[in-house]
Amino acid sequence: MTFAALILALLTTPLQSGLLSMVSGIHHVTAVTRKVQANVDFYAGFLGMRLVKQTAGYEDATQLHLFYGDAAGTPGSLLTFLAWEDGAPGRAGYGQISEISLAIDPASIGYWLTRAMSFGLRSEGPADEFGEPVLRLKDPDNIILKLAGAKDLASPAAWDGASIPVEHVVQRVRGATMLTEKPAESRSFLETHFGYRFQANRGTIDRLVSQSGDVIDVRDARGFWSGAPGTGTVDHVAFRAADEKTLLSVRKALEATDGSPTNMHDRKYFRSLYAREPGGTLVELATDKPGMTVDEEHASLGTKLFAPPETITNLDDLKVILPQFSMPGQPRINYRELPFVHRFYTPPNPDGSVFVLLHGSGGNETTLMPLLNKVAPRATLMGVRGRATEEGFPRWYKRITPFSFDQNDIKTEAEAFAAFIEGAVKSYGLDPKKVVYVGYSNGANLLNSLLYLHPNLVHKAVLLRSMPVLSDYPHADLKGTDLLVISGKTDAYGKYASDLEEKLKSSGATVDSDVIPGGHDLGDADVPIIQKWLLQRMGDDPQPLEQQAVKPARETSGQP
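Going by our numbering, the first residue of the sequence shown is number 23, and it counts up by one from there.
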């Protein structure tokens, strides 16, 4: 019977007695991280948890999702993180999980206190919480993490693959703290539908315990501020369902209470149900099976990237778009704090060439990466994000009308970008004369302005769907500058490309140009043109064009 058929069958049958008793404890807790490398260094490095799975996101395939746990990725041991690289920070408040607790042996508190000091991490405690010694820490995103000495919570598959003595390893999830303005209703919700029972009270906190032994601390947060989603916050807590019958029975019970809407999902590694408890916290119910080994052997868990089966984005493109990271002890790029958000993609066998990518309106630092990876599969790509915004989406400078632009903003952002490049050259050891710049639409127009506002900074550039945007071009000697301009035959902005080409040539630049049959959008037609130009200008052997269509996210609406 298929999953969909099972849903239909069970939702039309009476609730079976005893099924709710098969809901027991926490399955996983999911949070949002801003810097994936720092996250890996903390959870796999400092805490020594095993990275058991890495996937593209199920709601957003361009968002990396990492799972940490014990050696087998056992339900109840899992912490998962959605990577929103350089995303806006959230705020912990009511309607959210505010703290995550991990179980360790009570005798290991001293070991972890010493380890935290050796890693330069600030800790609080040990302190007594409900009769347990607890050490408080903050992860790189400032999420509060507690190491709790819980003698009866041991992992069935303790991970001994890190540098931590097996007697001191993190065993599993101990619990989570739920902030709510409706403590009585939130507590009742957990007791009625998820098998928790009251254990003790300490001031504003009611501790609920599951049959599995983990806890939810329901904290009265009346008078607090509300939570706001974003990086550095917990997205949801997931509870364990023994099987799909339990999952669907809980759904039926929730619907009978006229509570919040519920959503069912097949997450490949578990089936799940989402709902919101009365205080607003997102909760999930997830089945124990199929589990983390459904597509990877136990020995190789967490070593391969997987994509949801229904994603429309090619896996090879996702590998370029998603943030790269290194496991603890492995070489990695040490990112520097520079004026613009930026991201590197390093191929498996880099040839030493570097491309700097400037997106169009609505794009970001990753949207040109799949296209340029097809152009030059062995090139290192550095995507950069524009700092101006329009309707919440990144741009490189402010636009007044579709054909007029804020001149002061162009000059200010060009100056800032020039400073960024100077910093990147020093920080990452780039050779300015060997860097190729590629800009699309709005990003290409910043590049063509940069040629005049900061001469000798850009030596080779590809300008895709570009037009002049400066009202007054200063004199610049562009001798020795190699440029490729590609316009679209049906592009409304294409009629301005010839003016740009003439201006660049009159300033001494070597300009090659081509016209594709389409309009403003990017696609496979651009790839061989760029490859041919690179062969002529750089002497590199171009790679064969792949057949998969290039569909950069949000780039089809790019504007100058």
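Ideal Cβ positions, reconstructed from N, Cα and C, are used throughout, including at glycine. Everything numeric in this text was worked out from a predicted model, so none of it was measured.
Between which residues of its own chain and residue i is the CB-CB distance below 6 angstroms, once the five residues before and five after are set aside?
{"i": "D228", "result": "R209, V240"}
{"i": "L486", "result": "Y462, A466, I508"}
{"i": "Q85", "result": "G79, L104"}
{"i": "E306", "result": "H258, A260, S294, Y296"}
{"i": "F415", "result": "G384"}
{"i": "R158", "result": "E146, G147, K168"}
{"i": "Y69", "result": "The amino acid at residue 69 is misidentified as Tyr; the sequence shows Leu. The answer, listed in chain order, is V192."}
{"i": "A498", "result": "Y474, P477, S529"}
Counting along the chain, where does the beta strand (DSSP E) carrying residue i start and finish?
{"i": "N223", "result": "219-224"}
{"i": "A297", "result": "292-298"}
{"i": "R158", "result": "154-160"}
{"i": "I538", "result": "532-538"}
{"i": "P148", "result": "146-151"}
{"i": "T268", "result": "Counting along the chain, T268 falls outside any beta strand (DSSP E), though it belongs to the alpha helix (DSSP H) covering 266-278."}
{"i": "S46", "result": "45-55"}
{"i": "A170", "result": "166-171"}
Within a Cβ cutoff of 8 angstroms, which residues of the same chain sit near residue i, ignoring the five residues on either side of it in sequence?
{"i": "A112", "result": "The identity of residue 112 in the sequence shown is Gly, whereas the question assumes Ala. Hits under 8 angstroms: V54, G249, A250, P251, G252, T253, G254, T255."}
{"i": "D562", "result": "Its pLDDT being 46, under 50, D562 is placed unreliably by the model, and the measurement read from it follows with that caveat. Only D373, S375, A398, L556 meet the Cβ criterion."}
{"i": "L33", "result": "At L33 the pLDDT is 38, less than 50, meaning the model places this residue with poor confidence and gives no usable figure here."}
{"i": "P178", "result": "D92, A94, T96"}
{"i": "L360", "result": "F442, G445, A446, S449"}
{"i": "A26", "result": "Note that A26 has pLDDT 45, beneath the 50 cutoff, so the model's placement of it is unreliable and the number below is only indicative. If we look at A26 and ignore the five residues flanking it on each side, it has no Cβ neighbours."}
{"i": "A110", "result": "G252, T253"}
{"i": "T303", "result": "G117, Q118, I119, M200, L201, T202, S208, H258, V259"}
{"i": "R72", "result": "A66, Y90, G91, D92, A93, G95, W181, G183, A184, L323, G324"}
{"i": "W247", "result": "R113, G115, Y116"}
{"i": "P331", "result": "K290"}
{"i": "H215", "result": "L42, V45, V272, A275, L276"}
{"i": "V316", "result": "K290, Y291"}
{"i": "R224", "result": "E151, F152"}
{"i": "I126", "result": "W134, L169, A170, G171, A172, H190, V191, V192, Q193"}
{"i": "S493", "result": "Q429"}
Kindly list the residues whose CB is nearer than 7 angstroms to the CB of residue i, restricted to its own chain and excluding five residues on each side of it in sequence; keep chain order.
{"i": "P582", "result": "S463, N464, N467, M489, V491, Y515"}
{"i": "V596", "result": "Here the chain covers residues 23 to 582 and nothing more, so residue 596 does not appear."}
{"i": "L469", "result": "L380, Y459, G461, V480, A483, L485"}
{"i": "Y419", "result": "A410, F427, D428, D431, I432, E435, L468"}
{"i": "E277", "result": "T284"}
{"i": "E412", "result": "S383, R421"}
{"i": "N371", "result": "R400"}
{"i": "V533", "result": "L505, V507, E523, L526, K527"}
Using the DSSP secondary-structure output, state which residues sit across from residue i in a beta bridge.
{"i": "A438", "result": "Paired residues: none, contrary to the question."}
{"i": "R421", "result": "F427"}
{"i": "D239", "result": "T199, R229"}
{"i": "R244", "result": "DSSP output for R244 lists no bridge partner at all."}
{"i": "F415", "result": "E412"}
{"i": "D504", "result": "K482, T532"}
{"i": "P454", "result": "DSSP lists no partner for P454."}
{"i": "Y459", "result": "V378, A483"}
{"i": "P312", "result": "F292"}
{"i": "H287", "result": "S294"}
{"i": "G405", "result": "R365, L379"}
{"i": "S509", "result": "V537"}
{"i": "F261", "result": "I48, L307"}
Would you kindly report the start and end of the unbroken alpha helix (DSSP H) that includes residue i?
{"i": "L469", "result": "464-475"}
{"i": "V397", "result": "391-397"}
{"i": "I131", "result": "131-140"}
{"i": "I552", "result": "548-560"}
{"i": "L212", "result": "205-215"}
Against chain B, does residue i count as a neighbour if the rule is that its beta carbon must be under 7 angstroms from one of theirs?
{"i": "G502", "result": "Looking at the structure shown, chain B is missing, and only one protein chain is on hand."}
Nearer than 6 angstroms: is that true of the beta carbon of residue i relative to any heavy atom of the ligand PLP?
{"i": "L475", "result": "This structure simply doesn't include the ligand PLP, nor any ligand for that matter."}
What whole-angstrom Cβ distance do residue i and residue j have, given they're in contact under 8 angstroms?
{"i": "Q193", "j": "A206", "result": "32 angstroms between Cβ atoms; not a contact."}
{"i": "L88", "j": "L124", "result": "Actually they do not touch by this definition, with Cβ atoms about 16 angstroms apart."}
{"i": "F366", "j": "L393", "result": "In fact, because the Cβ distance is near 16 angstroms, the residues do not count as touching under 8 angstroms."}
{"i": "Y65", "j": "L101", "result": "7 angstroms"}
{"i": "G67", "j": "P350", "result": "4 angstroms"}
{"i": "L500", "j": "A531", "result": "4 angstroms"}
{"i": "G6", "j": "Q233", "result": "Here the chain has residues from 23 to 582 only, and residue 6 is not among them."}
{"i": "F328", "j": "T77", "result": "5 angstroms"}
{"i": "D310", "j": "A264", "result": "6 angstroms"}
Start-end ranges of the beta strand (DSSP E) lying completely within the stretch 343-377, minimum 3 residues
364-367
- prompt: What are the complete beta strand (DSSP E) segments, minimum 3 residues, inside the stretch 61-123?
  reply: 72-78, 86-91, 100-105
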